[in-house]
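One structure is given below, encoded as structure tokens.
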Amino acid sequence: MTVKIDIIERLGERAILLPTLIGEALGANDRIKLRLSLLQEAARHAQAPDRAARGFDVECRAAGLGQAALDGLVAEARLLGPGRLFAPGIGALLAGLASDVEAMLAPLEAADAAAAQPLAERAQGLAQSIPAAEGDQLDLREIEQLAVATRDGRDSLHLLVMDLHKAINRLAAETAVETLDGARVHALGDADRRAVRAFMAGLNRTAPLAFGHPGLGTTAVRAGGRLTIQNDIGTTDAHVLVIHVDPGVVTVTYTDVHRPRAQFFISLFEGQGVAWSPLAEQRGDGLSEDIFYLVTGRYAAADDTALDRLLAFLGSRIVFLIDWNKARKALQIFVGRNAAINLLTWAAKADFGHRAFLDLGGNDLVYEAVHRTAAGRIPYGVRLDEALGLAECTEFLQHVLRDTSQGLAAGRTARLIRDQIQAELSRRFETAESSVLTVLVRHLGLSRTLAAAIEEMVSTPGAAAPAARQALARRAKLIEEKADRLTLSAREISARLREAGMLRPVIDEVENATDSLEDCAFLLSLLPEAMAVMLGVSPIVQLAEIVTDSVGQLVRAVEAASRLPQGQRADALASLQAIDAVTTAERRADVAEREAFAAFMAVPHDDARGLVLGLEVARGLETATDHLSHAALSLRDRVLEELSA
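Position in the sequence shown (first residue = 1) + 55 = this note's numbering.
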């Protein structure tokens, strides 16, 4: 589709020059950004000479700056004194700034000299402030004054260049002689048109993920023997993407004031065959936080199909840069900075993005879900990833990013999407509590194994040779160590959740019961062989049986309790019945312990060792049932609270 623009008719013959002037202006913009980047890197290297100097070979070739003259500018930069920099060739580098600014002004003045006058006056004033750098020396402060990008009342060359660039983009769009798949284009050949169509196919595929946010306007022009494609990304001044297409080669020049976002952008091209220039390290002392980062990516295509594929992929990634920093700040409230960036990377690679998340409230969307479903479950001051665990919290936030994007795209109401997110968060908290109970079941399984082994040992005293009893003691120690690891896991989970914290007494008492059983196994290994027959005393056998049964009943109680969030009232009844059986077993164990004491005292003993060990084993078995009963009663409180919810 070809669209004639009114402004072209007003311009008359001057319009013929505009595509060339615009192309030259865009090239000048690239050179200025590179000159400022070289200044910054020279300052960094001078302040940290032990760090390897970054090379700018790719950028120099892409921008058309003479590489040979700049090779030593960064590598040989050094400080002559506090805040005073020497860099060979820096004077010549600065001298080119004024002519590049003039090249950027040229198309604007050709189109409308009166409208361009304010920019021209700024350019004239700022040109006077460009340092001469006599002897290739200048102050670090002067670099900051050139490169500052914050609009705080002071002007700078960088701010002027950003404003010129935006004005040139507007002019390119207004004077374009054709709209090609949404891009405003000038003077394109057949190969150029194919490249622009490929780029726009990718951009248009993911553009709906901006959900109405301004940006993504694309212009393309052939000038200087190459195709230049520009996209305005969003509304941020110093956030610029320029693509140069030469035969078989795509060069991407990207500038950003946010280093993490630049890293994110580069990461999106993993596996795509794009070679990126190194991203500058963090700014050195004396340089403003406003200074931008510049990176260049180069892709050498095997054929036209590969070139089109890369351009389409590149176009499809741009939407994920819009409001990226805002989304990162919203997410890192819940998971921290690095995890937030990983989430945004995941969302981009999955073609979900983050704009829908922000449109629906961003961090407020998650806060609302926490308030409605988990306000009583998270202790005050605990971050969401600490409450759920990083893996669970990451999965939940992935769910949020996916559901907001798919939900808005499908036309679902904001209320429905919020309800879905709240239901998902509630389920994950219930899952976290259930995981405590699952660990408890595993712990109790170990306890039951140990109780059954002790029961078998005392039930067949004739077979209880010293070696067998010592083997049991060693096995009991290993079981206890494994159970201790499960205890730590359960405590870690319960510490994050207020409701799961109610299960802490259950965890502690189950651990104590296992410790008591391990003590019993150790005491049995100490019994002299001649006294092993004492193990067969009926009350001792009965005590061991009670302990084994009690552990089994508590396993059933915990398993039933873990199903309560699913709303099965029958499980609540089953849990309460098993809890009652555990407390009844404790009372039976009290009686059996006393009967064991009486049985031991009714028989004369020549060796007090047997008597002492027998009494301690009986006491240890009964103590285990005490702990199991305490655990059961604590579990009962949680079951009853769940029923009353």
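By construction, the Cβ of each residue, glycine as well, lies at the ideal position given by its N, Cα and C atoms.
Note that the structure is a prediction, hence the values are computed from the model and not measured.
{"Query": "Which residue's Cα is closest to the Cα of E157: L148, A175, L149?", "Result": "A175"}
{"Query": "Which of the three DSSP states, helix, strand or coil, is assigned to Q327?", "Result": "coil"}
{"Query": "With distances taken from CA atoms, which of A356, R281, V203, H268 is nearest H241?", "Result": "R281"}
{"Query": "Can you tell me the Cα-Cα spacing of R546 and G136, whole angstroms?", "Result": "58 Å"}
{"Query": "On a CA-only basis, which of A142, A599, A357 is nearest S514? Give me that one, please.", "Result": "A599"}
{"Query": "Give the DSSP bridge partners of H241, in chain order.", "Result": "V276"}
{"Query": "According to the neighbour-count rule (16 or more other Cβ atoms, all chains shown, within 10 Å of its Cβ), is R383 buried or exposed?", "Result": "buried"}
{"Query": "Among the candidates A679, A142, L76, whose CA atom is the shortest distance from the CA of S502?", "Result": "A679"}
{"Query": "Would you mind listing the alpha helix (DSSP H) stretches within the segment 364-407 that are 4+ residues and don't spill past its ends, in chain order?", "Result": "379-390, 392-404"}
{"Query": "Examine the Cβ distances between the segment 100-117 and the segment 164-182 and report whether three or more of them are shorter than 8 Å.", "Result": "no"}
{"Query": "Excluding the 5 residues preceding and the 5 following A523 in the sequence, name in chain order all residues of the same chain whose CB lies nearer than 8 Å to its CB.", "Result": "M512"}
{"Query": "For R133, which three-state DSSP category applies?", "Result": "strand"}
{"Query": "With a threshold of 16 other CB atoms inside 10 Å of the CB of H426, please say whether the residue is buried or exposed.", "Result": "exposed"}
{"Query": "Which residues bound the beta strand (DSSP E) around L140?", "Result": "139-141"}
{"Query": "Could you pull the start and end residues of the alpha helix (DSSP H) that H220 belongs to?", "Result": "212-229"}
{"Query": "For D191, collect the residues of the same chain with a Cβ closer than 7 Å to its Cβ; drop the 5 residues on either side in sequence, then sort them by chain order.", "Result": "F141, A142, P143, G144, I145, G146"}
{"Query": "Quick check on DSSP: helix, strand or coil for I548?", "Result": "helix"}
{"Query": "Could you work out which residue in A275, E233, I288, V390 is closest to P269 when comparing CA atoms only?", "Result": "I288"}
{"Query": "Classify M656 as buried or exposed, calling it buried when 16 or more other Cβ atoms lie within 10 Å of its own Cβ.", "Result": "exposed"}
{"Query": "Taking the C-alpha atoms as reference points, what is the distance between A627 and Q475?", "Result": "27 Å"}
{"Query": "Nearest to P104 by alpha carbon, out of G272, S92, P594, R133?", "Result": "R133"}
{"Query": "Pull up the DSSP beta-bridge partners for E233, would you.", "Result": "V240"}
{"Query": "Should V658 be labelled buried (16 or more other beta-carbon atoms within 10 Å of its own) or exposed?", "Result": "exposed"}
{"Query": "What first and last residue would you give for the beta strand (DSSP E) that runs through A355?", "Result": "348-355"}
{"Query": "On the DSSP letters alone, give me the boundaries of the beta strand (DSSP E) that D194 sits inside.", "Result": "192-194"}
{"Query": "Are three or more beta carbon pairs between the segment 561-569 and the segment 675-692 nearer than 8 Å?", "Result": "yes"}
{"Query": "Please classify H498: does DSSP put it in a helix, a strand, or coil?", "Result": "helix"}
{"Query": "Quick one: grab the DSSP three-state call for R281.", "Result": "strand"}
{"Query": "Sorted by chain position, which residues of the same chain lie with C-beta nearer than 8 Å to E423's C-beta, five sequence neighbours on each side aside?", "Result": "G416, R473, Q477"}
{"Query": "Roughly how many whole angstroms lie between the Cα atoms of E696 and L413?", "Result": "37 Å"}
{"Query": "Excluding five sequence neighbours on each side, which residues of the same chain lie with their C-beta closer than 6 Å to the C-beta of L505?", "Result": "A531, I534, L572"}
{"Query": "Under DSSP, the beta strand (DSSP E) around V297 begins and ends at which residues?", "Result": "295-301"}
{"Query": "From L342 to Q172, what does the alpha carbon distance come to, in whole angstroms?", "Result": "Below a pLDDT of 50, predicted positions are generally treated as unreliable, and L342, at 43, falls in that range; the measurement from the model is reported next regardless. Using only the alpha carbons, I get a separation of about 31 Å."}
{"Query": "To the nearest whole angstrom, what separates the beta carbons of N286 and L271, a pair I think is in contact under 8 Å?", "Result": "6 Å"}
{"Query": "Quick check: the Cα distance between A465 and V610, rounded to an integer number of angstroms?", "Result": "46 Å"}
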